[in-house]
Amino acid sequence: LDRVKPNARFVDPADELAHPERHAFMSRHARSVRTACLLLGLVAAVCGALLFPLAPLIVVAAWAAVLIYGRPRTLGWRPKDVFVLKNLCVAGSAAALSLAGAAMIHPSALHEIRPLARLVAWGIVLTLIVFADAVLCDLDDVPGDAPFGTRTFPVVSGPRMAWRVANICHIVAAVGLSAAALLGWTTIVTPLLAGWGLLATNLLLKFLRPAAVRPWVDLRLGLFGCVAWLTLVVA
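Printed below as a string of structure tokens:
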């Protein structure tokens, strides 16, 4: 939705500059993409409502957040152009949606101190991981971000600092997940795969230097999401 916007005149020119092939494809299929976003949102709202009455509001909030996050520059200040805030918006929203889903399955966690502490701890870890991945994804967008004033870690501090920040976030997250395993909040598999495993893939990506980092980062984030979700459900 952020790539095609509700109307073509609101599309971000920086996206075209950074990813011309993707922009051309999305532009050709803009109507289909918008329709798919609407249908997927409706399905999410209906299915979510079967689990939690307020789920449709979460879907609406997610749509609104996407539109506010990347609104046209002609409408003024945008969160996605602000250094660090851009990545925090992505990380915070992903963590919030994940924890909302977990709360639907375990509503008692919101009323008991120990389960609530677990949810908060998971939220911090998820935020760190998604923040790190958002920083790495910005590596591919430098050609479009720099000319249009979008201040990201690769633009402001350079690629080396971006990798360093991502690695630090993953190390802290891995230590946190290891502590959670020692406390019995999760199994040892979680820190090995979703903690230290993510850090190892960081080092591998840095060594291999693929032409585009984002596809690999997005792929591993999806795999991590599956691991995290299953852990929360089974725990």
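So the sequence shown is residues 39 to 273, counted in the working numbering. Cβ atoms here follow ideal geometry from the backbone N, Cα and C, with glycine treated the same way.
Best match in the options for proximity to residue i [C-alpha to C-alpha]
i: P181; options: R47, A52, A46; result: A52
i: A133; options: V104, V158, L126, L164; result: L164
i: F169; options: L77, A211, L243; result: A211
i: M64; options: D40, L166, L157; result: D40
i: A68; options: M199, D50, A46; result: A46
i: L166; options: L55, V203, P192, G187; result: V203
i: T239; options: T225, A141, H57, D256; result: D256
i: F245; options: L88, W201, P44; result: W201
i: N205; options: D171, D176, P192; result: D171
i: F186; options: K118, L215, A249; result: K118
i: V98; options: L76, C207, G114; result: L76
i: T224; options: L242, R156, W234; result: R156
i: F48; options: G86, P91, L113, A87; result: L113
i: E54; options: P44, S131, D183; result: D183
i: V120; options: P58, V193, S131, A87; result: V193
Separation of residue j from residue i, as counted between CA atoms
i: W101; j: T73; result: 13 Å
i: K124; j: H61; result: 21 Å
i: L220; j: V213; result: 11 Å
i: S195; j: V71; result: 34 Å
i: L80; j: L126; result: 27 Å
i: P197; j: D179; result: 11 Å
i: P94; j: V128; result: 20 Å
i: A56; j: A82; result: 31 Å
i: P145; j: P153; result: 10 Å
i: I106; j: I209; result: 31 Å
i: V122; j: T190; result: 7 Å
i: R111; j: L231; result: 40 Å
i: G222; j: G108; result: 40 Å
i: V84; j: S216; result: 36 Å
i: F90; j: L259; result: 25 Å
i: C207; j: A103; result: 24 Å
i: R66; j: L78; result: 20 Å
i: L137; j: W234; result: 22 Å
i: L177; j: V265; result: 26 Å
i: T188; j: W115; result: 11 Å
i: L236; j: P229; result: 9 Å
i: G139; j: A87; result: 11 Å
i: P58; j: D50; result: 12 Å
i: P248; j: S131; result: 28 Å
i: L268; j: M199; result: 33 Å
i: V42; j: L92; result: 27 Å
Nearest-angstrom Cβ-Cβ length linking residue i and residue j, presumed shorter than 8 Å
i: L135; j: I96; result: 7 Å
i: V227; j: L174; result: The Cβ separation is near 24 Å, so there is no contact.
i: A159; j: A218; result: 6 Å
i: L261; j: W254; result: L261 to W254, Cβ: 11 Å. No contact.
Proximity test, residue i beta-carbon vs the ligand FMN heavy atom, cut-off 7 Å
i: T190; result: Within the structure as shown, the ligand FMN is missing, as the structure has no ligands at all.
Quiz item: Can you list, in chain order, the stretches of the beta strand (DSSP E) that have 3 or more residues and sit fully within the stretch 174 to 217?
Solution: Entirely contained in the stretch 174 to 217, not one beta strand (DSSP E) run reaches 3 residues.
Practice problem: Run through the stretch 55 to 102 for me and flag every whole beta strand (DSSP E) of 3 or more residues, listed as ranges in chain order. | Solution: Runs found: none.
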